[in-house]
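Chains A and B, in that order, give the protein sequences.
Residues 1 to 300 in this note's numbering are what the first sequence spells out, letter by letter.
Residues 301 to 579 in this note's numbering are what the second sequence spells out, letter by letter.
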Amino acid sequence: MDITFRDVGYTYQKGTPFESKALYDIQLSIKDGSYTAIVGHTGSGKSTILQHLNALRKPTEGSVQIGDRTITPTTDNKNLKGLRKKVGIVFQFPEAQLFEETVGKDIAFGPKNFGVGEAEAEAITKRILPLVGLDETFLDRSPFDLSGGQMRRVAIAGVLALEPEVLVLDEPTAGLDPQGRKDIMDVFYRLHKDQGLTIVLVTHQMDDVADYADHMIVLESGTVKKEGHPREIFQQAEWLESKQLGVPAAVKFANTIQKKFGWEFKQLPLTTDELAKEIAVFMKTHKQKGSKGRAEGDSL
Amino acid sequence: MDNIITLNNIMFRYLEEEERPALNGISLSIERGEWVAIIGPNGSGKSTLAKTINGLIEPDTGEVTVSGLLLNEENIWDIRAKVGMVFQNPDNQFVGSTVEDDVAFGLENQGIPREEMQRRIRYALDKVQMTDFADREPARLSGGQKQRVAIAGIVALQPEIIILDEATSMLDPKGRNEVLSTVKDVKKRENLSVLSITHDIDEAAAANRVLVIQEGKVVREGTPEEIFSYGEQLIEMGLDLPFPERLKASLKKEGLDVPNEYLTEEGMVDFLWTLHSEM
């Protein structure tokens with residue numbers, strides 16, 4: 001399901017003395033099956049855009065097309081429920097929204113709310129649990145006796161239980177330790193790869209953008225500053241640094257050694273693995289040249 | 301040796317019936333003026349440990365000594381005045397309706413005279429570079445600015461040690477840098493000791509000494525370089541891998557020989573240059 005923003009503007013409390021404009025003339029498109037990263041500072045409009053992705057907010061100007069539905073300022077608030085099922089949003093610190101007595105009930109709450117029967121909701125719950133790295137022994141436990149990382153998985157499972165086509169993640173790993181962060185990011189990547197889920201990731205972690213995303217949107221002061229493949233956008237390292245958004249560690253290091261050693265990599269490496277490959281190429285070609293030179297010298 | 305904090309064999313269980321204690325015989329000391337980082341995975345007991353130092357948690361057995369005082373019910377408030385804590389979530393520690401009021405809150409509680417109070421607020425806000433925001437509403441600040449105000453609130457109380465309990469983990473990279481450089485600056489000027497509980501490699505690198513906690517025990521101790529040389533084991537210790545360590549692992553996969561000792565980024569550049577010229 002594609003999501004397209006056309007000339008979207010959004011003003012909070014429009015028509016009151018408190019009105020403040022959060023989005024200006026936004027054009028962007030999130031293609032079906034893509035892994036899109038949205039980056040920008042606090043106050044850049046990330047959260048406001050996020051809430052437009054399943055019509056929690058309607059644009060005050062322009063239109064948002066979500067699959068075959070077009071949301072405009074005059075769209076009726078009725079009949080939007082279907083969209084909320086197709087586009088699942090995992091908000092920041094989603095574990096704060098857990099409320100049921102057991103993990104099983106908490107995960108099944110969403111599907112039941114959308115009219116799924118008891119037995120089917122239970123089946124969905126059992127199917128979803130392993131996707132987030134939990135097993136059935138968790139079903140009868142209280143979500144409040146779990147560790148922070150486990151609570152977050154339960155909350156994510158609750159969104160996945162709606163079987164969305166698009167999964168929107170707002171800083172999904174904030175506050176987790178490095179192992180917990182990696183585990184959760186792997187969960188999303190598997191869902192993307194194996195089940196073709198479209199992912200929209202809001203993040204400050206440029207390394208996560210480099211590792212996972214195939215599309216990137218940079219926001220500033222309520223406008224889209226850049227949109228494209230991360231490799232294109234990270235080429236503009238100086239611009240990103242000047243905005244204090246930063247670049248992935250591998251990009252920064254690659255630029256340092258290209259400059260220092262006078263090397264030129266074939267393509268800008270985004271991850272440490274890509275960087276190591278490029279470095280290995282330089283070491284090996286140099287070696288061949290070097291040994292060839294010595295061999296010729298020997299024969300003389 | 302002048303220790304600001306000494307913990308002696310601290311045991312603590314949240315619930316009596318708990319099999320594994322949250323703190324399982326921890327002993328450690330922090331010298332006056334030292335910066336110690338504590339790392340460890342989620343659930344290892346790091347935050348529990350921090351709370352024993354200012355008496356938010358009373359250990360089942362063991363002793364806490366802060367600046368020469370053995371912590372007990374009588375001196376707990378004296379000790380709290382010496383220990384300033386910054387917590388993880390910047391939104392959970394504001395009480396004042398303006399930045400200035402918020403910094404004033406702790407001083408009012410200690411009955412500091414008004415003039416002295418105003419002087420200290422001005423001084424503290426200046427130290428964290430938030431003077432221009434004195435009249436603002438804390439809710440409207442960025443995460444990094446909020447944590448700097450929290451630090452100002454502590455500086456104003458003139459403590460002897462500042463404890464950062466994952467104080468940068470909810471901030472964006474910009475906010476993280478702001479807070480870290482503020483702490484470095486304040487530490488130097490105020491001659492403070494710092495205890496920082498963290499998963500962040502830059503914050504750990506700023507310390508003189510790193511302690512690794514697992515399952516309620518100190519399992520390793522060393523300089524940041526010594527600890528960082530554990531390479532991929534760092535993930536189990538709850539720390540992000542430093543970039544040079546990640547690159548080393550990837551270079552190994554490409555069949556290149558890499559040194560075992562910890563390399564800084566500059567060290568990595570030098571190593572690659574030498575490798576390149578030797579080939």
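Note that beta-carbon positions come from the ideal geometry of N, C-alpha and C, so glycine has one too.
C-alpha of residue 459 of chain B to C-alpha of residue 217 of chain A: approximately 44 Å in a straight line. With a beta-carbon spacing of about 7 Å, residue 304 of chain B and residue 331 of chain B fall inside the 8 Å limit used to define contacts. Counting only residues of its own chain and dropping the five nearest sequence neighbours on each side, residue 504 of chain B has a CB closer than 7 Å to the CB of 337, 339, 498, 510, 524, 539. Contacts with chain B at 7 Å (Cβ-Cβ) do not include residue 4 of chain A. Taking CB atoms only, residue 67 of chain A has no neighbour in chain B less than 7 Å away. In the DSSP assignment, residue 393 of chain B falls outside any beta strand (DSSP E) and carries neither an H nor an E.
Taking a Cβ-Cβ threshold of 7 Å, the residues of chain A close to residue 470 of chain B are 174, 175, in chain order. In terms of Cβ geometry, residue 430 of chain B and residue 448 of chain B form a close pair [threshold 7 Å]. Only buried fits residue 528 of chain B, as 16 or more other CB atoms lie within 10 angstroms of its CB. Between the alpha carbons of residue 197 of chain A and residue 165 of chain A lies a distance of about 6 Å.
Taking a cut-off of 8 Å for Cβ pairs, the segment 85 to 92 of chain A and the segment 162 to 182 of chain A touch, as three or more such pairs fall below it. In this chain, the beta strand (DSSP E) harbouring residue 167 of chain A covers 166 to 170.
CA-to-CA, the gap between residue 424 of chain B and residue 457 of chain B works out to about 9 Å. One finds nothing in chain A with a Cβ atom closer than 8 Å to the Cβ of residue 446 of chain B; even the nearest lies about 10 Å away.
In the structure shown, residue 27 of chain A falls within a strand segment according to DSSP collapsed to helix, strand and coil. Proximity of residue 551 of chain B to chain A, defined by a Cβ-Cβ separation below 7 Å, is satisfied.
Ranked by how close their Cα comes to the Cα of residue 349 of chain B, the residues B:444, B:407, B:314 have B:314 in first place.
Inside the segment 179 to 250 of chain A, DSSP marks whole alpha helix (DSSP H) runs of 4 or more residues at positions 206 to 212, 230 to 234, 237 to 242, from first to last along the chain. Taking 7 Å as the threshold, the shortest C-beta distance from residue 147 of chain A to chain B falls below it.
Take residue 207 of chain A, set aside five residues on each side of it, and the residues of its chain with a beta-carbon closer than 7 Å to its own are 248, 249, in chain order.
Along the segment 17 to 78 of chain A, the beta strand (DSSP E) occurs as fully enclosed runs of 3 or more residues at 20 to 30, 35 to 39, 61 to 66, 69 to 71, listed in sequence order.
One finds 177, 179 in chain A with Cβ atoms closer than 7 Å to the Cβ of residue 341 of chain B, taken in chain order. Rounded to whole angstroms, the gap between the alpha carbons of residue 493 of chain B and residue 110 of chain A is 49 Å.
Between residue 42 of chain A and chain B, the shortest Cβ-Cβ separation is below 7 Å.
Residues of the same chain with a CB within less than 6 Å of the CB of residue 278 of chain A, apart from the 5 flanking positions on each side, are 265, 269 in chain order. The alpha-carbon of residue 381 of chain B is positioned some 28 Å away from that of residue 321 of chain B.
Residue range 565 to 578 is occupied by the alpha helix (DSSP H) that includes residue 578 of chain B. For residue 2 of chain A, the secondary structure class from DSSP, reduced to helix, strand or coil, is coil. Residue pairing for residue 255 of chain A: DSSP places it in no beta bridge. Rounded to the nearest whole angstrom, the C-alpha separation of residue 376 of chain B and residue 422 of chain B is 28 Å. Among the residues of chain B, none has a CB under 8 Å from the CB of residue 97 of chain A; the nearest is roughly 16 Å distant. Within the same chain, 324, 325, 326 come within 7 Å of residue 517 of chain B by CB-CB distance, once the 5 residues on both sides are set aside.
Residue 244 of chain A has a beta carbon lying within less than 7 Å of a beta carbon in chain B. Between residue 522 of chain B and residue 544 of chain B, the alpha-carbon positions lie close to 19 Å from each other.
Annotation for residue 103 of chain A: no beta strand (DSSP E) segment contains it, though the alpha helix (DSSP H) segment containing it runs 103 to 113.
Residue 465 of chain B: member of the beta strand (DSSP E) spanning 461 to 465, first to last residue.
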